[in-house]
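Trainee: First the structure, which I've put down as structure tokens, then a few questions once you've had a look.
Protein chains: 2
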Amino acid sequence: MAGPSTYFDPADTDELAPRTAELVRRRAAAMGPAYRLFYREPLELVRGEGAYVWDRAGVEYLDVYNNVPSVGHAHPRVVAAIAEQAARLNTHTRYLDEATIAYAEDLLGTFPGSLEHVMFTCSGSEANDLALRIAKAATGGGGVIVTRNAYHGGTTEVAAISPSLGGVDSLAPWTRVAHAPGGGADLHAAVASAIADLELVGIRPAALIVDTIFASDGVFPDAAGLSLAVAAIRAAGGLFIADEVQAGFGRLGGGSAGAGPAGGDDAGAAGQNGADLGLWGFARYGLEPDIVTLGKPMGNGHPVAAVVARRAPIEAFAARGRYFNTFGGNPVSIAAAQATLDVVREERFVEHARAIGPRLRRALEQIDSPRIGEVRGQGLFLGVDLVDDAGRPDEALAIEVVNALRQRRILLAASGPGNNTLKIRPPLVFNDTDASRLVGELDAVLKELS
Amino acid sequence: MAGPSTYFDPADTDELAPRTAELVRRRAAAMGPAYRLFYREPLELVRGEGAYVWDRAGVEYLDVYNNVPSVGHAHPRVVAAIAEQAARLNTHTRYLDEATIAYAEDLLGTFPGSLEHVMFTCSGSEANDLALRIAKAATGGGGVIVTRNAYHGGTTEVAAISPSLGGVDSLAPWTRVAHAPGGGADLHAAVASAIADLELVGIRPAALIVDTIFASDGVFPDAAGLSLAVAAIRAAGGLFIADEVQAGFGRLGGGSAGAGPAGGDDAGAAGQNGADLGLWGFARYGLEPDIVTLGKPMGNGHPVAAVVARRAPIEAFAARGRYFNTFGGNPVSIAAAQATLDVVREERFVEHARAIGPRLRRALEQIDSPRIGEVRGQGLFLGVDLVDDAGRPDEALAIEVVNALRQRRILLAASGPGNNTLKIRPPLVFNDTDASRLVGELDAVLKELS
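Protein chains in written order, with our numbering: chain A, 261 to 710; chain B, 261 to 710.
As structure tokens, this is what we get:
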């Protein structure tokens, strides 16, 4: 579980500047006790551009955390697209809108031809929720298999398959947990065991769902046994759902899983229109999922998400009733999504992530500190394990490092099952100068704390 | 169930103009079989302003259907707020943002003081889903009581309490259906019976949830027995959730339930700050819900929604885990919501709805046609029953009327359990000229079809 200890402790306001303390107080009074803020000293951000954000005092921070503003904070193309469409019309999918259809076609062109349809939602949570509804309708099953520290969202249904949110005790009785990749674990064996466990109690498997970069499990770009696990769930009558909410839209820089430390040069399976964009994590495994879910970076921050799926499961779902989502696929959200996809292509962010990722990774590996354990990842999605002198996960150190970097104007967070993995997933405009700044500051912080 | 028969039949493309037929074909190919379009001749809308929308050929339509663009299509204040904030910064609730806090405070000021906190989501579905999570955490119960033809959204959890979506067969085993208002039904007796039925099988009641205008049940502004039903669910240990996704943000024009045909002049309970905005349907009953959900008109079309609740249930929920919604409460969504709320106040839409609603209702009642049955409603949310010669619900007539009005450039839809109730809920800028146009065209259509 992403430990609450990396968050601000509401009881700890003594050291805060008066304005910060007052905002914290007003926020808790109005928004209640369930919300969390980052850092011991919460940040009040007022402006963003590219990979940088600024606080109210005008201090600039390098954003190494936010994967949502994927093509850069406040990208002018995306902002203009939103403003222009909002000034024209914002309706819904019960009227015809050519731009919505054109975006659907454009997006599908980046997927294998077997993935024929797209349906729009407002959030990744809604997308995963809809994916499960579709999978259950299509298979007649109810069992869902997830990885050990999975996070798939916040609706009732997807919270019940997200052990990272409330622990394994919070899962639904039809959820089974397969061991995550890492530490020599093989997904195939774990998924086969979960299928057997479901069948033992008479629950038909509906789906195996995995985040294709295994972010909350600690960032694993080359999961051993994933392809065989997919074959196993299909043999048991279930579907394979690839959750691309975090990995998708080019962050991984294409490439093939298992092609060596940097992932190789192969950008994965070709899309429907023959395009080879390398936008999707599943493509690195040569897989063709039954359902794919999209979210976070899809509209560069605008609330838009989607389910992409084969025809047969959607037909089974449609036979049970119509689909409508008031805001899902509205013309303004589509304008944001189309502009974002256009920018990913025109500014060649897949190629950029593929080029800079391995350089950043090597630079992180070369930091001279016994506190750095394994460095993993692909493209601009990296995980850096922080360890103690004996090489064990060091959550306390990770918390110190995250807060010390914030003071040095570098924003990132810790994640993974031990909450000791630095999660590095900046906006894709992140360049070599930014990388040097990150590596330099991390080096300095580790020296300071050691 | 809102009958699929008011929707376009994908098999019926012969009469369509070539461009429309081609868009319908491309849309079905890309977006699949679960989506629906309005009307026998689907509309391609390209522009909106106030209560009007235009199709690609430049033909203007009077919008009597869309409650989402509540302060008018493409309202310049809302568009400017979105554009300005999108150009500055779009992040999330793990950083401090004064405008988000200020909006939360402003919004809470329109509620009774017992409703202390607000939490943000992207859609009404997510809001109702979160409300149920909170209610279940707070009560330890699992049973949920809804009205006969309720619609509360599209996530797995809320679809399972929405009989209007997939029929009563699609409901969860912990859902109980109480008879809706209308036809002399008393909600108190129906809810008491549902509570007894839950308890009989050992399910503890968690919540009674009602749309306070009972829109999908046929539009009932004065539900007999609602206050006693709320007392009954509380006595059984459950919470009362007021779903204001459709009724909220001023459409009902304030007033008290049961104060006569036009609802009276009392604008309901005062808010925390003493303001008397009459924004909420529950206030007309003098009720103080445990949880309120908001959505559709909250950002005038921008995807933003919320849960407003008492402190105790949110504390119980927070004790089980933190809350985060990537897009929920982001600064751009908040800017849209704040601008919308400001415009509702400054352009005095509550007073406008209170004034024009009764005039429109009387004009509809005065249409000289035996096909018009009961006319119900409050403010700018009205239902007009269409009946046959014997006074029975006439769904076939409603379908003809909806399509004939579309040809006469008036957009509305049919709803209610018999799908024979015309649902009149235009943008709140709808004025007396618009009302005359609607009434005149409806009169003409009924004469033509009789």
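Idealized CB from N, CA, C, for every residue including glycine.
From a predicted model like this one, the values you see are computed outputs, not experimental measurements.
Grouping DSSP H, G and I as helix and E and B as strand, with all else coil, what is His-439/A?
Mentor: coil
Trainee: Identify which residue in Tyr-295/B, Ala-454/B, Asn-388/B, Gly-651/B has its Cα closest to the Cα of Tyr-355/A.
Mentor: Relative to the Cα of Tyr-355/A, the nearest Cα in the group Tyr-295/B, Ala-454/B, Asn-388/B, Gly-651/B belongs to Tyr-295/B.
Trainee: For the alpha helix (DSSP H) that contains Phe-584/A, what are its first and last residues?
Mentor: Phe-584/A -> no alpha helix (DSSP H), and no H or E assigned at all.
Trainee: Taking only three categories from DSSP, how would you classify Phe-577/B?
Mentor: helix
Trainee: Counting only C-beta atoms, is His-412/B closer than 9 Å to chain A at any point?
Mentor: Contact with chain A is absent for His-412/B, since none of that chain's Cβ atoms lies less than 9 Å from the residue's Cβ.
Trainee: Taking only runs that begin and end inside the stretch 608-642 of chain B, name each unbroken beta strand (DSSP E) of 3 or more residues, in chain order.
Mentor: 632-638
Trainee: Just checking: is the beta-carbon of Gly-588/A within a distance shorter than 9 Å of some beta-carbon in chain B?
Mentor: For Gly-588/A, the answer is yes, since a Cβ of chain B falls inside 9 Å of its Cβ.
Trainee: Between which residues of its own chain and Glu-701/A is the CB-CB distance below 7 Å, once the five residues before and five after are set aside?
Mentor: Its chain contains Leu-665, Arg-668, Ile-670 as the residues whose beta carbon lies nearer than 7 Å to that of Glu-701/A, once the 5 sequence neighbours on both sides are disregarded; these appear in chain order.
Trainee: Compare the C-beta of Tyr-364/B against all C-beta atoms of chain A and say whether one is closer than 9 Å.
Mentor: One point to set straight first is that residue 364/B is Ala, not Tyr, in the sequence displayed. At least one chain A Cβ lies under 9 Å of Ala-364/B.
Trainee: For chain B, find out if any of its Cβ atoms is closer than 9 Å to the Cβ of Gly-534/A; answer yes or no.
Mentor: For Gly-534/A, the predicted structure reports a pLDDT of 49, less than 50, and the residue's modelled location is therefore unreliable. A value from the coordinates is still provided. Chain B contact via Cβ: absent.
Trainee: Which residues bound the alpha helix (DSSP H) around Ile-789/B?
Mentor: Absent from the structure is residue 789/B, since the part of chain B shown begins at 261 and ends at 710.
Trainee: Indicate the three-state DSSP secondary structure (helix, strand or coil) for Ser-374/B in the structure shown.
Mentor: coil
Trainee: Compare the C-beta of Ser-383/A with all C-beta atoms of chain B and state if any pair is closer than 9 Å.
Mentor: yes
Trainee: For Asp-357/B, decide whether its Cβ has a neighbour in chain A, counting only Cβ atoms nearer than 9 Å.
Mentor: yes
Trainee: Quick one: residues in its chain with C-beta nearer than 6 Å to the C-beta of Glu-548/A, no 5 flanking neighbours on either side, listed in chain order?
Mentor: Pro-372, Ser-374
Trainee: Can you tell me whether Glu-376/B is buried or exposed, with buried defined as 16 or more other CB within 10 angstroms of its CB?
Mentor: buried
Trainee: When you compare each of Arg-619/A, His-612/A, Leu-499/A, Arg-582/A to Gly-538/A by their alpha carbons, which one comes out closest?
Mentor: His-612/A is the residue among Arg-619/A, His-612/A, Leu-499/A, Arg-582/A whose C-alpha sits nearest the C-alpha of Gly-538/A.
Trainee: Throw me the rounded Cβ distance for the Tyr-712/B and Leu-297/B pair, which I believe falls under 8 Å.
Mentor: Nothing can be reported for residue 712/B: it is not among the residues displayed for chain B, which extend from 261 to 710.
Trainee: Closest Cβ-Cβ distance between Leu-431/A and chain B: below 9 Å?
Mentor: Not a single C-beta of chain B is nearer than 9 Å to the C-beta of Leu-431/A.
Trainee: With a threshold of 8 Å, are at least 3 pairs of Cβ atoms found where one atom belongs to the stretch 470-483 of chain B and the other to the stretch 437-449 of chain B?
Mentor: yes
Trainee: Just reading off the alpha helix (DSSP H) that Leu-425/A is part of, what are its end residues?
Mentor: 423-426
Trainee: Quick one: Cα of Asp-602/A to Cα of Ser-593/A, how far?
Mentor: 14 Å
Trainee: How big is the Cα-Cα spacing for Gly-485/B and Ala-492/B?
Mentor: 10 Å
Trainee: Expressed to the nearest angstrom, what Euclidean distance is found between the alpha-carbon atoms of Val-451/A and Ser-516/A?
Mentor: 22 Å
Trainee: Leaving out five residues before and five after Leu-276/B in sequence, what residues of the same chain have Cβ atoms less than 6 Å from its Cβ?
Mentor: Hits under 6 Å: none found.
Trainee: Please confirm if the stretch 582-590 of chain B is in contact with the stretch 377-396 of chain B, defined as three or more CB-CB distances below 8 Å between the two stretches.
Mentor: yes
Trainee: If you draw a straight line from the C-alpha of Val-647/A to the C-alpha of Asp-503/A, how long is it?
Mentor: 29 Å
Trainee: Return no unless some Cβ of chain B is closer than 9 Å to the Cβ of Ala-695/A.
Mentor: no
Trainee: Could you tell me the distance, in whole angstroms, from the CA atom of Thr-407/B to the CA atom of Trp-434/B?
Mentor: Per the coordinates, the alpha-carbon of Thr-407/B lies some 14 Å from the alpha-carbon of Trp-434/B.
Trainee: Please return the same chain residues whose Cβ sits closer than 7 Å to the Cβ of His-562/B, not counting the five positions on each side in sequence.
Mentor: Ile-342, Ser-593, Ala-596
Trainee: For the beta strand (DSSP E) containing Arg-307/B, list its first residue and its last residue.
Mentor: 305-309
Trainee: My parser needs the alpha helix (DSSP H) runs of 4 or more residues fully inside the stretch 332-358 of chain B; what are they?
Mentor: 336-348
Trainee: Hey, quick one: how far does the beta strand (DSSP E) through Glu-320/A stretch, first residue to last?
Mentor: 320-323
Trainee: Along the chain, where does the beta strand (DSSP E) that runs through Ala-650/A open and close?
Mentor: It is not in any beta strand (DSSP E) - Ala-650/A carries neither H nor E in the DSSP assignment.
Trainee: Are three or more beta carbon pairs between the stretch 415-425 of chain B and the stretch 384-394 of chain A nearer than 8 Å?
Mentor: yes
Trainee: Under the rule that 16 or more other beta-carbon atoms within 10 Å means buried, what is Pro-630/B, buried or exposed?
Mentor: exposed
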